[in-house]
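Protein chains in written order, with the numbering used here: chain W, 1109 to 1361; chain A, 1109 to 1361; chain Y, 1109 to 1361; chain B, 1109 to 1361; chain L, 1109 to 1361; chain D, 1109 to 1361.
The block underneath contains the structure these notes are about, expressed in structure tokens.
6 protein chains.
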Amino acid sequence: MEVSDVLDRVKTGVNAFDELVMGGLPRGRTTVVGGTPGSGKTVFATQFLAHGITHYGENGVLVTFEEPPVDIEANMRSFGWDLPAWRKEGRLAFVDASPSASDEMVVGDYDLAGLLARIDHAVKTVRARRVVLDSLTQLFDHFIGDPKILRRELFRISSALKKSKLAVLMTAERNNEYGEITRHRLEEFVADNVVILRNVLHREKRRRTIEVLKMRGSHHAEGEAPFTLLENRGVVAVPLSSLRLEQQSSMVR
Amino acid sequence: MEVSDVLDRVKTGVNAFDELVMGGLPRGRTTVVGGTPGSGKTVFATQFLAHGITHYGENGVLVTFEEPPVDIEANMRSFGWDLPAWRKEGRLAFVDASPSASDEMVVGDYDLAGLLARIDHAVKTVRARRVVLDSLTQLFDHFIGDPKILRRELFRISSALKKSKLAVLMTAERNNEYGEITRHRLEEFVADNVVILRNVLHREKRRRTIEVLKMRGSHHAEGEAPFTLLENRGVVAVPLSSLRLEQQSSMVR
Amino acid sequence: MEVSDVLDRVKTGVNAFDELVMGGLPRGRTTVVGGTPGSGKTVFATQFLAHGITHYGENGVLVTFEEPPVDIEANMRSFGWDLPAWRKEGRLAFVDASPSASDEMVVGDYDLAGLLARIDHAVKTVRARRVVLDSLTQLFDHFIGDPKILRRELFRISSALKKSKLAVLMTAERNNEYGEITRHRLEEFVADNVVILRNVLHREKRRRTIEVLKMRGSHHAEGEAPFTLLENRGVVAVPLSSLRLEQQSSMVR
Amino acid sequence: MEVSDVLDRVKTGVNAFDELVMGGLPRGRTTVVGGTPGSGKTVFATQFLAHGITHYGENGVLVTFEEPPVDIEANMRSFGWDLPAWRKEGRLAFVDASPSASDEMVVGDYDLAGLLARIDHAVKTVRARRVVLDSLTQLFDHFIGDPKILRRELFRISSALKKSKLAVLMTAERNNEYGEITRHRLEEFVADNVVILRNVLHREKRRRTIEVLKMRGSHHAEGEAPFTLLENRGVVAVPLSSLRLEQQSSMVR
Amino acid sequence: MEVSDVLDRVKTGVNAFDELVMGGLPRGRTTVVGGTPGSGKTVFATQFLAHGITHYGENGVLVTFEEPPVDIEANMRSFGWDLPAWRKEGRLAFVDASPSASDEMVVGDYDLAGLLARIDHAVKTVRARRVVLDSLTQLFDHFIGDPKILRRELFRISSALKKSKLAVLMTAERNNEYGEITRHRLEEFVADNVVILRNVLHREKRRRTIEVLKMRGSHHAEGEAPFTLLENRGVVAVPLSSLRLEQQSSMVR
Amino acid sequence: MEVSDVLDRVKTGVNAFDELVMGGLPRGRTTVVGGTPGSGKTVFATQFLAHGITHYGENGVLVTFEEPPVDIEANMRSFGWDLPAWRKEGRLAFVDASPSASDEMVVGDYDLAGLLARIDHAVKTVRARRVVLDSLTQLFDHFIGDPKILRRELFRISSALKKSKLAVLMTAERNNEYGEITRHRLEEFVADNVVILRNVLHREKRRRTIEVLKMRGSHHAEGEAPFTLLENRGVVAVPLSSLRLEQQSSMVR
Ligand SMILES: Nc1ncnc2c1ncn2[C@@H]1O[C@H](COP(=O)(O)OP(=O)(O)OP(=O)(O)O)[C@@H](O)[C@H]1O
Ligand SMILES: Nc1ncnc2c1ncn2[C@@H]1O[C@H](COP(=O)(O)OP(=O)(O)OP(=O)(O)O)[C@@H](O)[C@H]1O
Ligand SMILES: Nc1ncnc2c1ncn2[C@@H]1O[C@H](COP(=O)(O)OP(=O)(O)OP(=O)(O)O)[C@@H](O)[C@H]1O
Ligand SMILES: Nc1ncnc2c1ncn2[C@@H]1O[C@H](COP(=O)(O)OP(=O)(O)OP(=O)(O)O)[C@@H](O)[C@H]1O
Ligand SMILES: Nc1ncnc2c1ncn2[C@@H]1O[C@H](COP(=O)(O)OP(=O)(O)OP(=O)(O)O)[C@@H](O)[C@H]1O
Ligand SMILES: Nc1ncnc2c1ncn2[C@@H]1O[C@H](COP(=O)(O)OP(=O)(O)OP(=O)(O)O)[C@@H](O)[C@H]1O
Ligand SMILES: [Mg+2]
Ligand SMILES: [Mg+2]
Ligand SMILES: [Mg+2]
Ligand SMILES: [Mg+2]
Ligand SMILES: [Mg+2]
Ligand SMILES: [Mg+2]
């Protein structure tokens, strides 16, 4: 049997979510987490890294394109995640790919190979098993001016990261909760797995839900599950037992 | 009587679906299967190949543009389809047309003839009767920058494949469940047959349906039929007997 | 009285439809039949030719831009129309204007005069009285890259065909059932007559209707009439007697 | 008192409509009649000319851009208007500005001055008091490629025609019944008066209405009034007495 | 205290409207009046000038871009405003900035400084205190081809006019009643005050309303107030006393 | 512990709002306040500066791009804020970045570094702790023609201002109340905090609400809270105690 044909599961640390996806995100696959501003993409992605570090000894790399590492560290502190400590212990590495950090770069002529090399170097330095890119949309908006080559570059990044058998999670910006898909309309087709975080405004109230839109090669719970963002815990979703799996009953209306 | 004017039917392996289309997909015709991310396009297309191999001794060729063959093999394993075995037995061949596999190629100047030659070679190697292109949209997004020539190239591919009397199935990406047609808005007009896979979100639940939108030269059941994706079975639709054929009654409101 | 000011009616062979339009389509006028994929455009257009050949000794020319003649012949067989026989008897001629059939042609620089000459030659060869172009949209998408000259070319084709006092029917692709008009948004203004075929999805069922949107110089029934596609018969619409003419009552709400 | 500051009314021949606009269309002003395909724009415009000729001895000029004069003559016959006779008697003149009639012209470089000269000549020849341009949209789509100069040209045409104290009526194409305004979105702002013909599809039935959207310098009835197209009569609207004028009551909800 | 920090009020002559805005429009500020075709923009703007002339001895300048002065004079006569008389008495001046009046001008290269000079000259000639530009959209559509410089030019015009402590009112075209803002989407942000005139079609009836969308530096009534256009009076809105001010109660649902 | 990982709160002066965001806006972070024309962006931003000056001895800098300082001073007077006095006392500084104030500048080639230098100079001059940019959209519309570099510049401005540990508030224009996000669609993703001011028209009445859409690294109340604009007080929102926090109950429908 070949190495790749078993879907090795990676726990995200969002317990109820791991139940939704039959144990966790498949390793060696790309997962896109899409959402509107403030929907919880960065919290979810960081929790995924934090859980690897604290529960499984799986180190992580966090690639940022706009939010500086020092801000992410501050923002994640209230969830109980001590990123600076992990960083100092060599369990977490940042790749700061923000424009200010690479002054020589030119619009529309971005050296993607250079970024991949930097990520690769960070992965090797901390022997990372999990990688987060936050966010894909920022990468494309900043560095890749020509929409024609976007899909190809997205494919190349995914391919490069998958080759190293890493668990890869990429966030993507969505302009609204329903209807349209992600900004560049491609991310959700290219990724192996798609998770959507929603923050719906209804009659002046907000309601957050998480949905597994697709997971190639795997069964998963379908439909939206409510979640909340809690101090010292991060993303907390409803446990699977309290949700009915709709799949079997979907033949009947 | 000429060779082409009889619609020879090819069973897809989705039993209830074959009933919907009066026995199967016409050979020598192009079928487009459209759907949103995770709607089941790749599962449906692979099942079509798997059924030919295991039930009719009809070998197959699977042309991929983004999902690497090794991933598809892993993804299809849980449905009980042993693609690696078939590949080794010479009953299945992959054509990996992903960007990484053809480094020399240039954006907007894709050698479509080269792709057709590679497909043709694979078809001859395994003496294939069924061919899948997954997905057409990826082909166009990656390789054909100019939208003006899209329709013509789509026509050329279809013509070339139809000439060999193959049963051809091509997938296409749809941005949403209803309303708009496929991304490039042309695929559903150019194809001889169009099947739509939907994965509708309604009140936080998902519901999957399959519909035969058109089948040139043939009667077929009309409207959406529910289906589910099941472990070890793939696409499982409702048998025809449990659906009423709406055609005769469509004269009456 | 001049020759052109009498509207000579051409029966389409869709009996109930001919009643809707007070006897048939006016000769020497252009009719556009618009519809979504699989709405029945090609069936309707072929029935119009078939009826002329079998009932009135009016020979026909069918100009195709994508669907090869051999496929159309196969597709129409189940409706009971023996196109190959008529072709051999010199009562029907095809003009295959598909891209593959005219290799030397260049994108955006199509020799429309050449096409008109080929149609003219076919008309003369079989002494045709009826001509179908299936579809106009394919013609424009393939051969006429510049949208600015589209309206003019459409006008030129219509003028040329009308001069010969032929009954001309052209199909056009519509992207959805209601709301927007045809793809290029012009066909329905330029044509003398417009017929719309709809295939509406409502609560998972399909319902087909036909509507005469406009008919210059003639009264006609207004609103949608249901129809079905039947084996050995083609388009079968509801007879006029079972529909109430809404015109007189439209003053009252 | 200056000549222009009195609104001299021109009867359209649609009796109830003339009541809606307090006696008729103001002379020396431009009126745009907008509508979808088949909404009745050409019938309304021709009736306006016919009424002038038969009831007031006001001769007319009809400028066409696509529909050839001979077709318009045939189409209007069933309404009882004998255009060929009037043409022979020198009471009606056509200006055929269709592309075929002016072969030397170049796309996007149209000699508008030439068109105005031809119209002027026709006006003088028959001493016309009424002029119709059918349709403005065709003029702009055919001859004026650059949208930037559209508004200016529209202004120039209107100015030229208004200077001669003619009653000018121009038709314009609308893509749908409600929501959006005319195709180029400008006609309804530039014109002095705007009339909208609607042909609304509701529950598979059509209903025609006419509305005076604006009439600069004049009171007029507001809202939609139903009308029908009748053999030998043309546009027939509901008489004003059977409509309540909503203006005074519009202060109260 | 500096001169500019007191909001000196200018009465518009629409009595109830002046109540809505706590006494009138602030002098030295720009007000944009937006509306669809025929919504009453020109009537409102002229009434503003007329009232200044007849009640306060404040002379006015009316800058037109399409509607010739002579037409405006005719159109306003039925409201009882004798523009020609005022013009002759030197209380009103027109600046005719229509394309025909300035033949030498070039598309996309408009001499805005020249226009401002002409307005300035007219203001000085009649010692005007009130200025109307009807309409801003026409100015931009005609003369300023490049959308990139639109916002800047709009800013420059406003600045220039505000410097002279004039009461400035500019009209702007809106494509529909709700949803979208003005055509160029900028006018309503740049202006100090925004008034919207609506002419809503609901169940075949029209209803006119006026709304103060914003008024920088001032309290004002909020929401839509009905109005009508009356012979010899112009815009007549509902007096403030008959409207409840919704502001205080907006805290409670 | 590093300096940046504590979220130091800055009171806005809108009491109830500070409760919504757990004490105030985080210092060293960028906050975007988005809204339609007249929604209260400038009032909110000025109140933020005024409160710092009068209650905390935190001086402020107000960067304007269109509204001249003298107008803002006049507009804010009715809320009881004496900007001219503060300016003279060296507690408030304006940076007037309007086009007229920098004549030498060229479209699409704006010296952003120059603007940052001017802001920096003003900050140093008054030793400011709070900075307002009103509005970001005006900056981008005026000075940055190329949309491709917009996101990067927005990032650079934010980075530069955050480095100085200032409390930064930037306004942004929204085209409508719901649905679409800000004009350039990026501001709400780039900013650390997003506040939305709405001015909703419903059944001819307006209702104002304020919502904290996101606040990175901090809990906050979710959903819309009503507010009003009051003479001598500015933005007045409903105190937190009268709102139920919806977060805990969001798990239950
Ligand atoms: N300690 C906390 N307790 C509860 N909720 C919090 C806490 N910290 C942050 N949040 C919530 O998390 C949101 C930010 O989440 P996050 O940064 O993951 O969003 P995002 O989807 O990455 O947004 P963006 O596109 O702007 O980067 C905040 O708006 C806030 O509602
Ligand atoms: N073993 C399984 N049991 C049940 N469902 C499964 C199983 N494996 C996959 N699925 C379902 O199939 C979906 C993937 O289907 P598929 O890959 O055919 O979608 P697709 O339409 O090709 O999507 P894309 O456009 O992303 O390629 C998964 O999201 C999951 O819901
Ligand atoms: N023998 C038959 N009996 C009943 N229905 C049939 C039969 N043959 C074809 N059909 C119906 O006719 C449809 C095809 O019609 P047709 O080819 O005229 O569509 P079209 O509008 O020309 O589509 P396209 O835009 O794809 O060319 C099929 O989808 C099927 O529903
Ligand atoms: N004799 C008649 N009796 C009743 N109705 C008729 C008669 N002749 C034509 N019609 C109606 O008038 C319609 C055509 O009207 P007309 O040509 O004025 O439309 P139009 O708005 O000019 O359309 P286009 O944009 O296609 O030019 C026909 O579709 C038909 O419904
Ligand atoms: N004497 C009158 N009595 C009542 N209503 C009138 C009178 N004169 C004009 N009107 C109304 O005023 C409308 C025209 O108003 P106005 O010219 O101010 O519109 P506008 O918003 O400037 O339109 P445009 O964008 O076309 O310039 C007419 O359509 C008519 O409904
Ligand atoms: N003294 C006051 N009392 C009550 N409301 C006032 C007062 N002054 C101004 N307003 C309200 O404030 C609104 C203007 O607010 P502000 O200038 O902050 O809007 P904005 O969102 O900045 O708009 P823009 O995008 O046009 O700059 C006015 O339209 C008015 O409704
Ligand atoms: Mg984030
Ligand atoms: Mg797939
Ligand atoms: Mg067809
Ligand atoms: Mg017409
Ligand atoms: Mg006007
Ligand atoms: Mg403001």
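We treat Cβ as the ideally placed atom computed from N, Cα and C, and that holds for glycine.
{"query": "Whether ALA1333/D touches VAL1344/D by CB criterion (8 Å)", "result": "no"}
{"query": "Cβ-Cβ separation, VAL1308/W to GLU1281/W (assumed contact under 8 Å), whole Å", "result": "In fact, because the Cβ distance is near 17 Å, the residues do not count as touching under 8 Å."}
{"query": "Closest residue to PHE1156/D among VAL1169/D, ARG1314/D, SER1267/D (Cα-Cα distance)", "result": "VAL1169/D"}
{"query": "Beta-carbon gap between THR1279/B and VAL1141/B smaller than 8 Å", "result": "yes"}
{"query": "THR1138/B - containing beta strand (DSSP E), residue span", "result": "1138-1143"}
{"query": "Beta-carbon proximity list for VAL1214/W, same chain, < 7 Å, skipping 5 on both sides", "result": "Low confidence applies here, because VAL1214/W scores a pLDDT of 46, under 50, leaving its location unreliable; read the following figure in that light. Contacts found: none."}
{"query": "Proximity test, Cβ basis, 8 Å: GLU1127/B and chain L", "result": "no"}
{"query": "First and last residue of the uninterrupted beta strand (DSSP E) at LYS1271/Y", "result": "Per DSSP, LYS1271/Y belongs to no beta strand (DSSP E); it is in the alpha helix (DSSP H), 1258-1271."}
{"query": "Residue ranges of each beta strand (DSSP E) within the region 1296-1320 of chain W, 3 or longer", "result": "1301-1310"}
{"query": "Nearest residue (CA-CA) to GLY1342/D, options THR1150/D, VAL1129/D, PRO1145/D", "result": "THR1150/D"}
{"query": "Amino acids of chain Y, ordered along the chain, whose beta-carbon sits closer than 7 Å to that of PHE1297/A", "result": "PRO1145, GLU1281"}
{"query": "Distance between GLU1296/B and LEU1262/B (C-alpha atoms, nearest Å)", "result": "11 Å"}
{"query": "Any non-hydrogen atom of ligand 1 closer than 7 Å to GLU1339/W Cβ", "result": "yes"}
{"query": "For PRO1134/A, the residue or residues it bridges with in DSSP", "result": "ARG1117/A"}
{"query": "Extent of the continuous beta strand (DSSP E) to which GLU1332/D belongs", "result": "1332-1338"}
{"query": "Per DSSP, cross-strand counterpart(s) of LYS1123/W", "result": "Checking the sequence, you will find Asn at residue 1123/W rather than Lys. Paired residues: none, contrary to the question."}
{"query": "Three-state class that DSSP yields for ASP1219/D in the structure shown", "result": "coil"}
{"query": "Contact with chain A by GLY1331/W, beta-carbon distance below 8 Å", "result": "yes"}
{"query": "For LYS1322/Y: DSSP bridge partner residues", "result": "VAL1302/Y"}
{"query": "C-beta neighbour in chain B for ARG1069/L, strict 8 Å", "result": "For chain L, the structure presents residues 1109 to 1361; residue 1069/L sits outside this window and is missing."}
{"query": "Nonlocal neighbours in the same chain, by C-beta distance under 6 Å from THR1139/A, ignoring five residues either side", "result": "LEU1133, LEU1277, ASN1301"}
{"query": "Environment of ASN1340/D [buried if 16+ CB atoms lie within 10 Å]", "result": "exposed"}
{"query": "Range of the contiguous beta strand (DSSP E) that encloses PHE1202/L", "result": "1200-1204"}
{"query": "Three-way DSSP call (helix, strand, coil) for LEU1170/D in this model", "result": "strand"}
{"query": "Min CB distance ARG1324/W to chain A below 8 Å", "result": "yes"}
{"query": "Cβ-heavy atom distance, GLU1175/W to ligand 7, below 7 Å", "result": "yes"}
{"query": "Proximity winner among LEU1305/A, HIS1327/A, ILE1161/A, relative to ARG1314/A (alpha-carbon distances)", "result": "LEU1305/A"}
{"query": "Assigned secondary structure, ASP1095/Y (DSSP; H/G/I helix, E/B strand, else coil)", "result": "The question about residue 1095/Y has no answer here: the residues shown for chain Y are numbered 1109 through 1361."}
{"query": "Reduced DSSP category for ARG1282/A - H, G, I as helix; E, B as strand; rest coil", "result": "coil"}
{"query": "ALA1345/D (DSSP reduced to helix, strand or coil)", "result": "strand"}
{"query": "Contact residues within the region 1245-1269 of chain Y, judged by C-beta distance below 8 Å to chain B", "result": "LYS1256, ILE1257, ARG1259, ARG1260, PHE1263, ARG1264, SER1267"}
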